[in-house]
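Reviewing the structure listed below.
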Amino acid sequence: MPIEFKMPKLGESVTEGTVSRWLKQAGDRVELYEPMLEVTTDKVDTEVSSPVNGTLLEIRVPEGETVPVGAVIAILAAEDEAAANGTQPTEEAQAPVAKSAQASVQQRPVEIQRPERPAGDQAQGFISPAVARLAAEHNVDLSQITGTGRNGRITKQDVQRYIEERSKAQQPASAAQPAATAAQPAVRPTPPAEERISAAPVPQPAAAPAVLPPALLEGDELVPLTAMRRAIAEHMVRSKRTSPHVTTVMEADLSRIVAYREAHKAEFERQGAKLTFTPFFVYASVRALQEVPIVNATYTDEGILMHRAINIGVAVAIPEGLVVPVVHNADEKSLLGLSRAVNDLADRARSRRLQQNDVEGGTFTITNHGVSGSIFAMPIINQPQAAILGVGAIQKRPVVITQHGVDAIAIRPMCYLSLTFDHRLIDGATADQFLAVIKRELEEWKE
Amino acid sequence: MPEMNLLEAIRAGIDEMMAADERVYIIGEDVGKRGGVFRVTEGLVDKYGEMRVIDSPLAESIIVGSSIGAAMYGMRPIAEIQFADFIFPAFNQIVSEAARIRYRSNGAWDVPMVIRAPFGGGIHGALYHSQSVEAFFAHVPGLKVVVPSTPYDAKGLIKASIEDPDPVLFFEHKKLYRLIKGQVPEEDYRVPIGVADVKREGSDMTVLSYGLTLHQSLEAAEQLSAEGVEVEVVDLRTLRPLDKETILNSVRKTGKVLIAYEDNRFLGYGAELAAIISEEVFEHLDGPIMRVAGADVPAMPFSPPLEEAFMPSTEKIAAAMRELAGY
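In order, the protein sequence lines correspond to chains S and H. 442 is the number that the working numbering gives the last residue of the first sequence; the numbers go up by one with no jumps. 335 is the number that the working numbering gives the last residue of the second sequence; the numbers go up by one with no jumps.
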């Protein structure tokens, strides 16, 4: 028996996957656990391995196509069978025809001959196993029979009577007919449900509200959507539609942070961590989430879901788009721990080695749009979270400071912090209170 | 060919076996001078003496336990349990010992023993004289369970059972003892264990039965025949080992199955039949597998109307046949 190889479920909420690359081709030998193809889901790329020693007989889903979890994507043959059947799928396909031609009286190819289910199925009531079998064996169209059983059900006797009458009617003309039918190649069986699903067009996400297709200009090129692009589009629209976004902004003086980072960079390096600014923002956010826990929450119609865990997502730009790996239980980590976690996640995001659980479970998100020069932005909330912190570029600016009661103009590394929040559960004053904690933690930095 | 009733046929079979083989002996309560409460062994003590027709104490564990030992030693005991209801004190000997000796001794020992027991209701026997116990024993590998329903089968089966190298439970429906008469050949013959018998051929449904309900099914089949429905009635004759081929062939032919038995419906013998049929010939079924069986109440009631309510009957079976035919 050939093995149907199905699209695996690659994460808790993952319902579909895109075949990004076949590492094996039809006819290739595969070892148990040997990577066979690459699959892309919303945010994760994974290699999928062979479940058997054997042969990849047939690829059902070409590269670039997206199918639901559980859809058959390939047909495999385990080792011994591959040897017995030969590895060429074409041979396989021809075999049944030859066999059924030989199989005369002794071995009626019952399954192969089974006619497709008549369309009027429902109207005929329950089709018992005996009736289905008899109809298949004698090529009876059940819609031609009036049932005499309970509620008009077609009984076995009804079918037998029909066959008898039919054979009486046909007798002189076609005595040889049954033999001819037996030799005929099979009626093509209806494909199994899953196959049909996979063949159907990939469902369009409710990303863009229906707009008129743009007029095509000369030289226009349609670039197919990647799974990631599709997911981003869907999420952005959904978030904007779900949460009333409001943004509040504060400015922080990062003198102490910059100094601390300069002083400790080498020490962190020795401990295997590259000290960037991001862990400081994560650290400050943890304090703020602890002091103003309403920000670490989700609005639901049943009530406000307060999260105990503090899992902070850190947006990472990659060439294909954007991913938000999550530092789980960020409140349990020191600055060194956070550095390591952030380094690791960012590295793996860029090399596309994130696991599904790396991108799940976030309760708050930080996006450091300043790395690309932006000084100020209003990001979109990462649903179902309540707020997102935008960190602008750190710039030296002349600012007025007051020392010993004397105002002075000083040059300080300054940074705009924006908090975009869901106004359904967070009010402006609360948001400001939250952002003020972050500002305080950064400006009065001491680990 | 003489006509005999069921108990006379059983007696004739035992008599012939005792005459032919002196290892065969009978042990049970009142089986000697009294000839058994139903007179199955009547006259045998005069013919073969008290050493071969032994009146036992009122202790079923002794009747069976001693028979196991004697059988292992080379004798051919026929242990009679006065009513199947009384078999439970010997349950341990039968199930834990007799059934397992061959397995336990790796084939070195066997237990060629017959345990006869009248079972079933419909004779106002109430709680302690009416039970059907076949399902308890048919469940156990190592035992054979035989239920004859006609005089011919009874004689042929008792002889085959006495010769069988394994413990055989031989259940006789007590209401059939004198009710059913039939021609029984005088010449030596056997009805093999493990072979069912199609008692009536038909094309529209299969009824599987044994014991009193077999005869009720045959009567009901006659009624249905007058209404244009031809019912095939299969007499199982042996419950273990079961003749699956005869049963499954019949179901393949008719596509509908009714199982009639007197034991309590729940987990009665019909449950296993239904399971085997749906596992092995599901594609041939043209209707639900139905059962007519005894009620799931703790015991056979003494009150005649309640006893009637408990017992399957020709009418109840015919009604079920009509329902199934109309499906």
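By construction, the Cβ of each residue, glycine as well, lies at the ideal position given by its N, Cα and C atoms.
Considering residue i, what are the terminal residues of the alpha helix (DSSP H) in which it resides?
| i | result |
| --- | --- |
| H:Val241 | Element bounds for H:Val241: not the alpha helix (DSSP H) but the beta strand (DSSP E), Val239 to Asp243. |
| H:Met25 | Leu14 to Ala28 |
| S:Gln351 | No alpha helix (DSSP H) contains S:Gln351, which DSSP labels as neither H nor E. |
| S:Ser250 | Ser250 to Arg265 |
| H:Ile170 | Pro159 to Glu171 |
| H:Leu232 | Leu220 to Ala234 |
| H:Met80 | Glu68 to Met80 |
| H:Asn257 | Lys252 to Thr262 |
Along the beta strand (DSSP E) that carries residue i, what are the first and last residues, could you check?
| i | result |
| --- | --- |
| S:Val311 | Val311 to Ile313 |
| H:Phe179 | Val176 to His181 |
| S:Ser280 | Segment Thr273 to Glu286 is the alpha helix (DSSP H) holding S:Ser280; no beta strand (DSSP E) there. |
| H:Pro85 | Arg84 to Glu88 |
| H:Ser311 | Here H:Ser311 belongs to no beta strand (DSSP E), and DSSP marks it neither H nor E. |
| S:Thr362 | Phe359 to Thr362 |
| S:Pro408 | Val401 to Asp417 |
Beta-carbon within less than 6 Å of residue i's beta-carbon, same chain only, minus the 5 sequence neighbours each way: which residues are those?
| i | result |
| --- | --- |
| S:Ala336 | Val322 |
| H:Arg108 | Gly150 |
| S:Lys4 | Val64 |
| H:Leu232 | Val239 and Met329 |
| S:Ala426 | Thr243, Leu414 and Phe416 |
| S:Thr271 | none |
| H:Ile18 | Val48, Ala162 and Ile166 |
| S:Asp116 | Residue confidence for S:Asp116 is low, a pLDDT of 46 falling below 50, so the modelled location carries little weight; the figure read from the coordinates is stated next. None. |
| S:Ala114 | Only weak support is given to the placement of S:Ala114: the predicted model assigns it a pLDDT of 44, under 50, and the value that follows is read from those uncertain coordinates. Taken in chain order, the list of residues that qualify is empty. |
| H:Val241 | Lys207, Arg208, Val215, Ser225, Leu226 and Ala229 |
| H:Gly43 | Thr49 and Glu50 |
| S:Arg55 | Val67, Ile68 and Ala69 |
| H:Met9 | Gln191 and Pro193 |
| H:Phe178 | Val122, Arg124, Val154 and Ser169 |
Buried or exposed for residue i, please, with buried defined as at least 16 other CB atoms from any protein chain shown within 10 angstroms of its CB.
| i | result |
| --- | --- |
| S:Ser424 | It is worth fixing the name first, because residue 424 of chain S is Ala in this sequence and not Ser. Its Cβ having fewer than 16 others within 10 Å, S:Ala424 is exposed. |
| H:Trp117 | exposed |
| H:Lys183 | buried |
| H:Glu180 | buried |
| S:Arg128 | buried |
| S:Gly59 | exposed |
| S:Asn306 | buried |
| S:Ile396 | exposed |
| H:Asp93 | buried |
| S:Glu246 | exposed |
| H:His223 | buried |
| S:Asp402 | exposed |
| S:Asn291 | buried |
| S:Leu27 | exposed |
| S:Lys163 | exposed |
Short of 7 Å in beta carbon distance, which residues of its chain neighbour residue i, apart from the five on each side in sequence? Order them along the chain.
| i | result |
| --- | --- |
| S:Arg392 | Arg407 and Met409 |
| H:Pro85 | Tyr33, Ile35, Ser75, Ala78, Ala79 and Met121 |
| H:Tyr56 | Met26 |
| H:Pro8 | Chain H is shown from 9 up to 335; residue 8 of chain H falls before or after that span and cannot be answered. |
| H:Val53 | Gly40, Lys41 and Val61 |
Identify, in the order they occur along the chain, each residue of the same chain with its Cβ nearer than 8 Å to the Cβ of residue i, setting aside the five sequence neighbours on each side.
| i | result |
| --- | --- |
| S:Leu331 | Phe263, Gln266 and Ala268 |
| S:Ala73 | Ile(-2), Val47, Asn48 and Gly49 |
| H:Met59 | Tyr33 |
| S:Gln390 | Ile370, Pro408, Met409 and Cys410 |
Q: Could you please tell me which residues of the segment 323 to 334 of chain H, in chain order, have their CB closer than 7 Å to any CB of chain S?
A: Gly334
Q.
Closer than 9 Å between beta carbons: that is the criterion. Which residues of the segment 263 to 276 of chain H meet it against chain S?
A. Gly263 and Lys264
Q) Can we say the segment 252 to 263 of chain S touches the segment 293 to 306 of chain S, given the rule of at least three CB pairs closer than 8 Å? A) The segment 252 to 263 of chain S, when compared against the segment 293 to 306 of chain S, does not touch it at the 8 Å Cβ threshold.
Q.
So, does the segment 3 to 15 of chain S touch the segment 56 to 69 of chain S, judging by three or more C-beta pairs under 8 Å?
A. yes
Q. Would you say the segment 98 to 106 of chain H touches the segment 270 to 288 of chain H, given that touching needs at least three Cβ pairs under 8 Å?
A. Between the segment 98 to 106 of chain H and the segment 270 to 288 of chain H there are fewer than three inter-stretch CB-CB distances shorter than 8 Å, so the stretches are not counted as touching.
Q. Does the pairing of the segment 380 to 395 of chain S with the segment 354 to 363 of chain S give three or more beta-carbon distances under 8 Å?
A. With a cut-off of 8 Å, the segment 354 to 363 of chain S and the segment 380 to 395 of chain S count as touching, because enough Cβ pairs lie within range.
Q: Flag this pair as touching only if the segment 191 to 203 of chain H and the segment 132 to 147 of chain H have three or more C-beta atom pairs under 8 Å; answer yes or no.
A: no
Q | the segment 47 to 61 of chain S touching the segment 15 to 23 of chain S, judged by at least three CB pairs closer than 8 Å | A | yes
Q) With contact counted as at least three CB pairs below 8 Å, one residue from each stretch, are the segment 249 to 261 of chain H and the segment 166 to 179 of chain H in contact? A) no
Q) Using Cβ-Cβ distances below 8 Å, what residues of the segment 145 to 163 of chain S are close to chain H? A) So the list reads Arg145, Arg148, Thr150, Lys151 and Gln152, given in the order they occur along the chain.
Q) Does the segment 118 to 134 of chain S come close enough to the segment 143 to 161 of chain S to have 3 or more Cβ pairs within less than 8 Å? A) Touching, yes.
Q) Relative to chain S, which residues along the segment 294 to 306 of chain H have a C-beta separation below 8 Å, given in chain order? A) For the segment 294 to 306 of chain H, which is checked against every Cβ of chain S, the residues closer than 8 Å are Asp294 and Gly295.
Q | Members of the segment 309 to 341 of chain S that neighbour chain H once the beta carbon cut-off is set at 7 Å | A | none
Q: Anything in the segment 121 to 135 of chain S with a Cβ closer than 7 Å to a Cβ of chain H? List those residues in chain order, please.
A: Contacts with chain H (Cβ-Cβ distance below 7 Å) from the segment 121 to 135 of chain S involve Ser123, Pro124, Ala125, Val126 and Arg128, listed in chain order.
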